[in-house]
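Asks: In this note's numbering, the protein residues as written are 67 to 205.
Structure (C-alpha cells):
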C-alpha cells in the first residue's frame with residue numbers, strides 16, 4: 067500500500083473519469099462534497115474553483131501538495147486560481163512533466179505515515195482569479 071501511494075498509482079482509476087468527460091487531465095483537484103461545502107463556507111471565493119472541470123493533477127498539486135489547515139488550503143487555493151487565470155498548453159505540458167517526475171521520482175520526505183513536506187514556490191498569498199469574475203459555478 068505504501069508503494070502504491072508513494073508512486074501515486076492509486077490515482078490511475080481517475081483516467082476513466084477523464085475519458086467520460088467528468089474530469090479534465092489538468093485542473094483543480096476535486097474534494098469530497100462535504101469538504102467542498104465546508105471549505106466554501108470558511109474560505110472566500112473557494113467555490114470559484116468549481117467553475118472549471120476538476121483535474122487529476124494541477125498546478126497546486128505539483129507545487130504545494132497536501133494541506134492540513136484552512137490557512138494551508140487558502141495558500142493552495144491561490145495556486146488553483148493562478149492556473150485558472152493562466153491556463154495554456156505550455157503550462158499544461160509543464161504540469162504534466164512535473165507530475166510524471168513526481169510519479170517516477172517521488173518526494174523523499176514522504177515518511178512512514180505517507181505525509182509530504184513540500185515547500186511551495188513563492189506566490190501571492192491572496193491571489194484572486196480575474197478570469198472567473200462572473201462565474202456562477204458552471205459544473
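Note that beta-carbon positions come from the ideal geometry of N, C-alpha and C, so glycine has one too.
Using DSSP bridges, identify the partner residues of residue 92.
Replies: 123
Asks: Could you spell out where the alpha helix (DSSP H) holding residue 163 opens and where it closes?
Replies: Annotation: the continuous alpha helix (DSSP H) that includes residue 163 extends over 155 to 170.
Asks: Do residue 150 and residue 128 have their C-beta atoms closer together than 8 Å?
Replies: no
Asks: Can you grab the Cα-Cα spacing for the pair residue 82 / residue 170, in whole Å?
Replies: 21 Å
Asks: Over what stretch of residues does the alpha helix (DSSP H) that includes residue 67 continue unbroken?
Replies: Per DSSP, residue 67 belongs to no alpha helix (DSSP H) and is neither H nor E.
Asks: Assuming contact is defined by CB atoms lying nearer than 8 Å, are residue 101 and residue 140 in contact in what I supplied?
Replies: no
Asks: Ordered along the chain, which non-local residues of its own chain (more than five positions away) have a Cβ less than 6 Å from that of residue 177?
Replies: Any reading at residue 177 is ruled out, since the residue's pLDDT is 46, under 50, leaving its predicted position unreliable.
Asks: Run through DSSP, which three-state label would residue 98 get?
Replies: If DSSP states are grouped into helix, strand and coil, residue 98 belongs with coil.
Asks: I need the straight-line Cα distance from residue 91 to residue 147, nearest angstrom please.
Replies: 17 Å
Asks: For residue 142, count the other beta carbons within 10 Å of its own beta carbon; 16 or more makes it buried, fewer makes it exposed. Which is it?
Replies: buried
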